[in-house]
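Peer 1: Chains as they are written, first to last, in the working numbering: chain A, 5 to 456; chain B, 5 to 456.
1. Find the residues of chain A that neighbour residue 265 (chain B), judging by a C-beta separation of less than 9 angstroms, and give them in chain order.
2. For chain B, find out if any of its Cβ atoms is closer than 8 angstroms to the Cβ of residue 227 (chain A); answer yes or no.
3. Can you give the Cα-Cα distance for residue 90 (chain B) and residue 40 (chain B), rounded to whole angstroms?
4. Identify each residue in the segment 305–322 of chain B for which the Cβ-Cβ distance to at least one residue of chain A is less than 7 angstroms, and report them in chain order.
5. Does the distance from the C-beta atom of residue 397 (chain A) to that of residue 446 (chain A) stay below 8 angstroms?
6. Around the C-beta of residue 380 (chain A), are 16 or more other C-beta atoms found within 10 angstroms, so that it is buried, or is it exposed?
7. If you draw a straight line from the C-alpha of residue 325 (chain B) to the C-alpha of residue 435 (chain B), how long is it?
8. Which residue's Cα is closest to the Cα of residue 370 (chain B): A:330, A:334, A:290 and A:421?
9. Along chain B, in chain order, which residues have C-beta atoms closer than 8 angstroms to that of residue 115 (chain A)?
10. Can you tell me whether DSSP reads residue 151 (chain B) as helix, strand or coil?
11. At a CB-CB cut-off below 9 angstroms, which residues of chain D make contact with residue 142 (chain B)?
12. Less than 8 angstroms separating the beta-carbons of residue 342 (chain B) and residue 429 (chain B)?
13. Please classify residue 456 (chain A) as buried or exposed, where buried requires at least 16 other C-beta atoms within 10 Å of its C-beta.
14. Closer than 7 angstroms by C-beta to residue 111 (chain A): which residues in its own chain qualify, once you throw out the five before and the five after it? Chain order, please.
15. Pairing CB atoms from the segment 274–291 of chain A with CB atoms from the segment 389–409 of chain A, are three or more of them under 8 angstroms?
16. Where does residue 455 (chain B) fall in DSSP's three states?
17. Which residue wins for smallest C-alpha separation from residue 262 (chain B), given the options B:74, B:113, B:35 and B:422?
18. Helix or strand or just coil, what does DSSP make of residue 251 (chain B)?
19. Listed in chain order, which residues of the segment 353–371 of chain A have Cβ atoms closer than 7 angstroms to some Cβ of chain B?
20. Quick check: is the beta carbon of residue 12 (chain A) nearer than 8 angstroms to any beta carbon in chain B?
21. Between residue 1 (chain B) and chain A, is any beta-carbon pair separated by less than 8 angstroms?
22. Using 8 angstroms as the threshold, is the C-beta distance between residue 297 (chain B) and residue 337 (chain A) below it?
23. Quick one: grab the DSSP three-state call for residue 272 (chain B).
24. Using a Cβ-Cβ distance under 8 angstroms, would residue 15 (chain A) count as near chain B?
25. For residue 374 (chain A), go through chain B and note every residue whose CB falls closer than 9 angstroms to its CB, in chain order.
26. Do you know how far the Cα of residue 178 (chain A) is from the Cα of residue 6 (chain B)?
27. Could you list which residues in chain B have their beta carbon closer than 8 angstroms to that of residue 451 (chain A), in chain order?
28. Please report how far the alpha carbon of residue 124 (chain B) lies from the alpha carbon of residue 207 (chain A), in whole angstroms.
29. By how many angstroms is the C-alpha of residue 411 (chain B) removed from the C-alpha of residue 307 (chain B)?
30. Roughly how many whole angstroms lie between the Cα atoms of residue 334 (chain B) and residue 57 (chain B)?
31. Could you tell me how far apart the beta carbons of residue 143 (chain B) and residue 97 (chain B) are, in whole angstroms, since I believe they sit closer than 8 angstroms?
32. If you run the structure through DSSP and keep just helix, strand and coil, what is residue 144 (chain A)?
33. Just verifying my parser: in three-state terms, what is the DSSP assignment at residue 240 (chain B)?
34. What's the call for residue 64 (chain B), buried or exposed, on a 16-neighbour Cβ count within 10 Å?
35. Evaluate the contact criterion for the segment 212–224 of chain A versus the segment 244–253 of chain A: three or more CB pairs, one atom per stretch, below 8 angstroms.
36. Let's see if you can read the secondary structure: which residues bound the beta strand (DSSP E) around residue 185 (chain A)?
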C-alpha cells in the first residue's frame, strides 16, 4: 500500500478515537474516493458508519461503489431507508448489479423496492444473464451515434449524453442498434467536423463479445487486443453494453485468486480471508481435506500389505516419506506449471503431446539427480542393496509423479473441468499412492523380502 | 482462444503445407496484428520466418512487438541486417526495451549498433533503471503541454505529436517539465477552445509513480485508482514517461504467474513452459527438490529414532502417511490463502494477529473433524488405544500445520522476502517434521511404547 494512504488511515483512526468530526471531514476532503473506501474497510464496523455519514452527499455513492460487498451490506443495513435509496439510485449500473447479485432473494427484493422503476427493470435484465458472464459485468449505459450524422453532431451528442467512463471510443450503430464500429475519439478530432461519421468506419468488423460469453473470455480479448473498451453484443449483433479495461483487471485478478486457491485445495472463496467468516473458511477447507484422507487411506492399506517386509527390514520406513514426498513435490511442480500455463493461454490443450515428451525428459533428468542424492543416504543407512533400491525407486517415482502432475490438468481441461482442480494436495496424494506401490514392490523384488 | 482465430491458424498451417504464398498473404491481410503474432508462435521455426516475410512492411514491426522474446530473437537472427535494423527502429520504445533487457551483453551491443543514435541513448537510459521498475516498462515517448497555452493550441499540438496510444489524457508540465496535472482529453473537448489550459487544472496533485519504484506498484496504483495512464516521474517530479493500463495487465499477470510457480516450488521461470528449454526447466526445479530432500532427511532421521516403537507396533506405520499428509494439506491451504491475500493487498502484514486468532479457531475445528474421521479407522485397525492416539495426533498436527502455513508467509513478508516462497512443498516438509514428532511422541506417551 501507498505510504501516503497508510499515513491517512493512521490519522483517521486517531481522529476517530478523539471523535474530532470536523477534522475527520477535513481529512476526507483531501482524500480520493478510492482511498476513502480503502480506509473505511480498515476501521471498525461502528466507525464505518460514522465516517461514511461525514462524507459530502455527492461523494457517498462513489465511495460506496469502491467498497467490498460485505461492507456495502453493513452500511445499507445501518442506513435510514432514504439514505439507502439515495445511494443505490446513484450507483453505476454495473456496480449495482455487482452488489445485487450477491444478495439472497429476500434482501434483493427489499433493495429493489427502493429503486425507481427503470433501474429495477435494468437490474433484473442484467441479473438474468448467466453468472460470471460478460452481461453481468458490463455497463449497460452505452451511448452510440448514427453513421449518417456529421462528426460535429456526433461529438456534441456524446458530450451531452456520455458519462465519464466510456467515451474514449465512440460506438456507431445502425437503425436496429447493430454495432457497426468502435471508433477512437481521437479519430473524430483529426477529421473535419462536417464530414459524416460513416467516413471513419473501416472495413474490419469491430471486436465484440457475446453477452452470454464468460467475463474471463472478455478479459482475455481486451488483453489480447490491447483494448480500452470492449462492446458487448446480443445474438443479432445489437449493442447491449460495454466492458472497460478496469472492470477486466478485477475479473482477471479474481480468476487468478480462484486458481490459486484451487491449487492449494481450498474451495472457491467469494471473499478475502480477512472478510470471510470462520465457518465459511472451515467449510471451504474441510471437504477437500476429508476427501484426501480417504485417498490416503488407500495408501495406508497398501502399506499394510507390506507389514511383513517392514518388520523384516525396518530401515525401509526411514526412506518411505523421503521418497514418496519427493514424488509429490515433483508432481506439484509439474502441475503448477501446467495449470498456470493453461490459465493464461500460453499453452492450449492441443499442446499436450509436445509438452509430454519434454516433461518426460526433464522428469527423468530430475529423477536421476534425486536418485543419486538419495543413494548416498542409502549407502550410509543400509548398504549397497538399499542404495540401489532407493536410487531406482526415487527415479521412477519422480518420473511417475511428474507425468501425473503434467497430464492431469490437461485431462481435466479436456473433460471441461477446471485444470486447477489438479491441486498440489491431490497430486501429492496420487503421487503417494504410486510411490508406495513402486517403492515396496521394488523392495520386495530387489531384496527378496516376500520370501523371508 | 477465440474459435475464429483457431480457424485462421488451422488454415494458415494448411496453406503453409501447400506452400500457397499468395493465399497466405490474403489470409494475413484479414487478420489483426495480435492474431498474426499469436499464429506465428504456433507454426514451426522455419515457417515463422516464411510467414513473417510475407507480411506487408508496414505491419512487420507491429506484429513483431506482439511476439514473445524467443520468437523475436529467432526472427532477428534469421533476418538480413537491413531488415533487422528496420524492425528494431520501428518498434515502440517500451517494446524495444522489453526485448533488449533479455539479451546478453554481446547480443545487446550487436543490436544497439543497428539503431540510430537517439534510439540508442534512449534505450540505454531506460535499461539503466532497476529491473522490474516502472522506468523499465514505461513508454518514454510522452508529449505534454504548457499551462499557458490555449486549449486550441494544446489540442493541435497533441494531434501533431502524440502517437496512437497515449492521448486519452493530456499531461500539463511547467517549464522544468515538472508534471502539474493529467487532464482527460474529454475535459478539453467540453471547454471553449480559446481558454487557457490552466483553467482545467484542479487543486489535487496528479497521481504519479516514481521511475525507480516497482512496476507491480505502478500496476496496483492503476488498478486502485481506475486509471488509464499513470505518469512516471523523476526525483524532482519531472515527467519521464507513461505507463498504460495494457502494459500493466501484463505486469500483473507475470506477477501472478511468478507467485503461482513459487507456491508450487518452481523457481522464477522467465518463459512459458512451452518455450523454456528442458535444461532451464530442470534447473528451475531440481534445486528446490534437492533442498526438500535434505529437509525430509531430518524427518527420516526422526522416524529412525522410533524404530523400536515401530517394530513393537507396526500398525503405527499404517497411520503415519495419513496423519502427516493431512497436516501438510491443511498447511498448504492456509499458506495459499495467505500468500494470495498478501499479493493482492486484501491483507497486509499488520493484519497477522487478527487473522491468527481466526485461523486458530478454523484449524482446531478442522483438526477435530479430521481427528474424528481418522479415529474410526483407528478403531478398525488397532482398537480404542490407537483410535485415541490417531484422533489426538490428527487434531494437533492439523492445527500445528495450519499455524505454520498461515504464519510463514507473514514472517517472510516481514523479512522483506516474497511470501510466496512459503511454497506448498516447503510447508508440507515443515508439517511433516512437526507431524512425525507429534505422532511418535504421543504414541510413546499414550501407549507406553518406550518401555516395551
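Cβ coordinates follow ideal geometry from the N, Cα and C atoms, glycine included.
Peer 2: Taking the geometry as given:
1. 337, 340, 341 and 344
2. yes
3. 19 angstroms
4. 307, 308, 311, 314, 315, 318, 321 and 322
5. yes
6. exposed
7. 12 angstroms
8. A:290
9. In chain order: nothing, as chain B lies at least about 25 angstroms away.
10. coil
11. Here the protein chains are A and B, and chain D is not one of them.
12. no
13. Only weak support is given to the placement of residue 456 (chain A): the predicted model assigns it a pLDDT of 38, under 50, and the value that follows is read from those uncertain coordinates. Result: exposed.
14. none
15. no
16. Bear in mind that the predicted position of residue 455 (chain B) carries a pLDDT of just 42, short of 50, making it unreliable; the figure below should be weighed with that in mind. Here residue 455 (chain B) sits in coil by DSSP.
17. B:422
18. helix
19. 355, 359, 362, 365, 366, 369 and 370
20. no
21. Nothing about residue 1 (chain B) can be reported from this structure: the residues present for chain B run from 5 to 456 only.
22. no
23. coil
24. no
25. 290, 293, 294 and 297
26. 26 angstroms
27. Going along chain B, no residue has its Cβ under 8 angstroms from residue 451 (chain A), so there is no contact; the nearest lies around 17 angstroms.
28. 38 angstroms
29. 26 angstroms
30. 54 angstroms
31. 6 angstroms
32. coil
33. coil
34. buried
35. yes
36. 183–188
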